[in-house]
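There are 2 protein chains.
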Amino acid sequence: MIGKNKISSITRLHQKKFRDASGLFLVEGIKSVGDLLRSPMGVVEILATEDWLSKYGNDLSPEISITLVTPSEMERLSAWKNPQPVMAVAQMPSTDAEILDFDQPLLMLDDLRDPGNMGTIIRTADWFGIRQIACSENTVEVFNPKVIQATMGSFTRVVVCYTDLEKLIDRHLQHRRILGTFLSGTPIQQVQFRPSDVIVIGNEANGISENLAAKVTDKILIDSPVKGADKAESLNASIAAAIMMYQLNFSV
Amino acid sequence: MIGKNKISSITRLHQKKFRDASGLFLVEGIKSVGDLLRSPMGVVEILATEDWLSKYGNDLSPEISITLVTPSEMERLSAWKNPQPVMAVAQMPSTDAEILDFDQPLLMLDDLRDPGNMGTIIRTADWFGIRQIACSENTVEVFNPKVIQATMGSFTRVVVCYTDLEKLIDRHLQHRRILGTFLSGTPIQQVQFRPSDVIVIGNEANGISENLAAKVTDKILIDSPVKGADKAESLNASIAAAIMMYQLNFSV
C-alpha cells in the first residue's frame, strides 16, 4: 500500500506548476511506458501492478525506483478514466531550441492550444519522419498528460522545443522555404513541395499570427471541392498538419 | 430565471438514453447553432443569453421556443468547460441507411469509438465534399455532445447512418471499390484513387474488423519513410481518414 504523501507527490505532476518545479512528468499506459523505457529519456520511477511487474519488472534498470500499486491505487494516481497497469515518472528532456538541427525536417506550431491536437501532431510527425517540432512560447506544453497520451509513445522520438519562432526563422532558417496554411493561399496541388520545406501550423481559432505570417514564404490552401460557403469553415489543425506532412513526405 | 425542472430536462440530453427516448439532442456554441439554424434540421428550442438574443433573436422562426438564460445558468446547462452564450435543442435527423445515395461519395466507419475522432472526421468529410457516412452499429453516436462539438457545425451538412456495413456492401455497393487502410496494404502512392471509391476507416485500437476486411477490395497503407519499428505504430484514425479523403479528392 502506498501512502498519502506518495499519492500526492505523483498526482501533483498532473499540474504544470509542479512539473516545472520538479523537472518531472508522468507517462501512463503500457505502450507509452514501453516506448519510454526503450528511449534515451531518463526514468526516475515506475509505478505498476503486480501483473505488469511480474512480466517486465526484471528488465528494469536498477537505477529506476519501483513501486508496487494495486489497481485501485492506480485509479487514484491516474489522470485517465480507465487507468492502465503502469505509470512512469520521467525526467523532462530539454525543450531549448538550441538542440534543433536546422538542416533536418522541421515542423512549427504557432500558439497551438488543444492538447489532443498537439499529441496527434507529434504522433503524425513521428510517422512521417519529422523528428523536430519548434513551438511558439504559448503553445500547449508537451508534458501535459493529455498531450503525452495522444502521442501514443511518439513523445519519446520527437524533439519538441519552445521559442520565439520569428527570431528562429530570421537566425537559422533563411536557407529554407517556410510553408504555412492560409485560406487565401495557393491550392496545394499547384505547389511543388521540397524535402527541405519547413511547415508552420497556426492556432486552432486564429491561424498563424500576423507577425509570423510575414515570415511565411509560401502560403498554401488545402482546398475543398465544394464551392461557396456551405461547407466546413476550415480543417482541424491536426488534420491540416497531417496533410501538409503527407505531401512533404512524397515531395522527393 | 429558469427552474430546476427545466435545467434537468436540458442536462439529461447529455446522456444517450434520454436523447434516444426523446429524439432530441443538444447543440452548443455560436458557430454550431448558427449552422444549425441555417440547415433544414428541426430546432425545438433556443436557450441563450440576453446578449445573443438581442443580436439574433428576431431572426428566429416563430416555431422555435426561446428561453432567456443568464451566463451562470448556461454554465449549469452546458457540457462544456467554457460555455458559449447559446445552446439549441434539435430534433435528431434520421440515421437509417435507407436515406443514403449509393452513387454519391461515401465514407464508412467501422466501430470508431472516440467522439473527438468522430467529430473531426465529420468535419473533414464536409470539407472534402463527402456528405454521407455509414457507421457500424457500435460506432460512437453522432449526437454525443463531444462529437457535435468537434464537428464545428459540419453535423448539419453530413448525413450519418448506422447499419450493418457488411450487408450494406453486399446489397448496395457491389459496383464500387471499397478501400481500407491496413498496415499490410499497398503503399498509397501506388494506388490510383477513383472518385467512386468508398473509404473504410476502422476502430482506433483494432482497425477494420475481420468480417468487414473481407469485403475491402483494395487494402492501402499510408506508408512511413522511416524504416523499421522505431516510429509511431500507426496513425490516428481521424488522420488516416483525412489523408484518404484528401487523396480521393484529387483522384479526378
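Residue numbers (the working numbering), protein chains in the order written: chain A, 1 to 252; chain L, 1001 to 1252. Ideal placement from N, C-alpha and C gives every residue a C-beta, glycine not left out.
Query: Going by other Cβ atoms of all chains shown within 10 Å of its Cβ, with 16 needed for buried, is R1012 of chain L buried or exposed?; Result: exposed
Query: Between D1197 of chain L and chain A, is the shortest Cβ-Cβ distance under 8 Å, so that the two count as touching?; Result: no
Query: I want to verify the contact list: residues of chain L whose CB lies under 7 Å from the CB of V226 of chain A, in sequence order.; Result: G1129
Query: Report, in whole angstroms, the separation of the C-beta atoms of L1060 of chain L and V1069 of chain L, which I expect to be a contact under 8 Å.; Result: At roughly 15 Å, the Cβ-Cβ gap does not stay under 8 Å, so L1060 of chain L and V1069 of chain L are not in contact.
Query: Helix, strand or coil, according to DSSP, for Q1091 of chain L in the structure here?; Result: strand
Query: Interface residues of chain L around N249 of chain A at Cβ under 7 Å?; Result: P1225
Query: Smallest Cα separation from G1042 of chain L: which of L:N1206, L:D1101, L:G1029, L:A1088?; Result: L:A1088
Query: May I ask you to list the residues that DSSP assigns as paired with V1159 of chain L?; Result: L:Q1132
Query: Taking K1016 of chain L as the reference, give the member of L:P1115, L:V1158, L:D1126 with the closest Cα.; Result: L:P1115
Query: Hey, could you find the ends of the beta strand (DSSP E) K1219 of chain L is sitting in?; Result: 1218-1221
Query: Just the Cα atoms here: how many angstroms apart are W1052 of chain L and I1007 of chain L?; Result: 19 Å
Query: C1135 of chain L and V1160 of chain L look like a contact to me (Cβ under 8 Å); what is the Cβ gap, rounded to whole Å?; Result: 6 Å
Query: Spell out whether any CB of chain L is found under 8 Å from the CB atom of I239 of chain A.; Result: yes
Query: Do you know how far the Cα of V1140 of chain L is from the Cα of I1121 of chain L?; Result: 12 Å
Query: Indicate whether at least one CB of chain L lies closer than 8 Å to the CB of L235 of chain A.; Result: yes
Query: Output needed for A1240 of chain L: all residues of its chain with C-beta closer than 7 Å, excluding positions within five of it in sequence on either side, in chain order.; Result: T1181, I1201, I1222
Query: In angstroms, rounded to a whole number, what distance separates the CA positions of I1208 of chain L and I1002 of chain L?; Result: 47 Å
Query: Sort out for me which residues DSSP pairs S65 of chain A with in a bridge.; Result: A:E45
Query: At least one CB of chain L closer than 8 Å to the CB of A88 of chain A: is that the case?; Result: no
Query: Could you list the residues in the segment 1123-1151 of chain L with a C-beta less than 7 Å from some C-beta on chain A, going in chain order?; Result: R1123, T1124, D1126, W1127, F1128, G1129
Query: Quick one: give me the first and last residue of the beta strand (DSSP E) that E1210 of chain L is part of.; Result: Segment 1210-1213 is the alpha helix (DSSP H) holding E1210 of chain L; no beta strand (DSSP E) there.
Query: Could you spell out the range, first to last residue, of the beta strand (DSSP E) harbouring S1238 of chain L?; Result: From DSSP, S1238 of chain L is part of no beta strand (DSSP E) but of the alpha helix (DSSP H) over 1237-1249.
Query: Just checking my contact of T1156 of chain L with L1036 of chain L at CB under 8 Å: how many whole Å lie between their CB atoms?; Result: 6 Å
Query: Which two residues bound the contiguous beta strand (DSSP E) that contains I178 of chain A?; Result: 178-187
Query: I want to verify the contact list: residues of chain A whose CB lies under 8 Å from the CB of A1242 of chain L, in sequence order.; Result: L235, I239, A242, I243
Query: Are the C-beta of G116 of chain A and some C-beta of chain L separated by less than 8 Å?; Result: yes
Query: Could you check whether the segment 1095-1105 of chain L touches the segment 208-220 of chain A, counting it as contact only if at least three pairs of C-beta atoms, one from each stretch, sit closer than 8 Å?; Result: no
Query: Taking 8 Å as the threshold (beta carbon to beta carbon), is D1103 of chain L in contact with chain A?; Result: no
Query: Looking at the structure shown, is L109 of chain A part of a helix, part of a strand, or coil, going by DSSP?; Result: strand
Query: Is it buried or exposed for Q149 of chain A, if we count other Cβ within 10 angstroms and need 16 for buried?; Result: buried
Query: Sort out for me which residues DSSP pairs N276 of chain A with in a bridge.; Result: Residue 276 of chain A cannot be examined here, being either before or after the span of chain A that is shown, 1 to 252.
Query: Less than 8 Å between CB atoms is the rule here; does Y1162 of chain L satisfy it with respect to chain A?; Result: no
Query: Return the first residue and the last residue of the alpha helix (DSSP H) that F18 of chain A is part of.; Result: 16-22
Query: Taking the alpha-carbon positions, what's the N1144 of chain L to S1154 of chain L distance?; Result: 14 Å
Query: Beta-carbon of R1157 of chain L versus every beta-carbon of chain C: anything under 8 Å?; Result: In the structure shown, chain C cannot be found, because the protein chains are A and L.
Query: Where I1130 of chain L and S1196 of chain L are concerned, what is the direct C-alpha to C-alpha distance, given to the nearest angstrom?; Result: 11 Å
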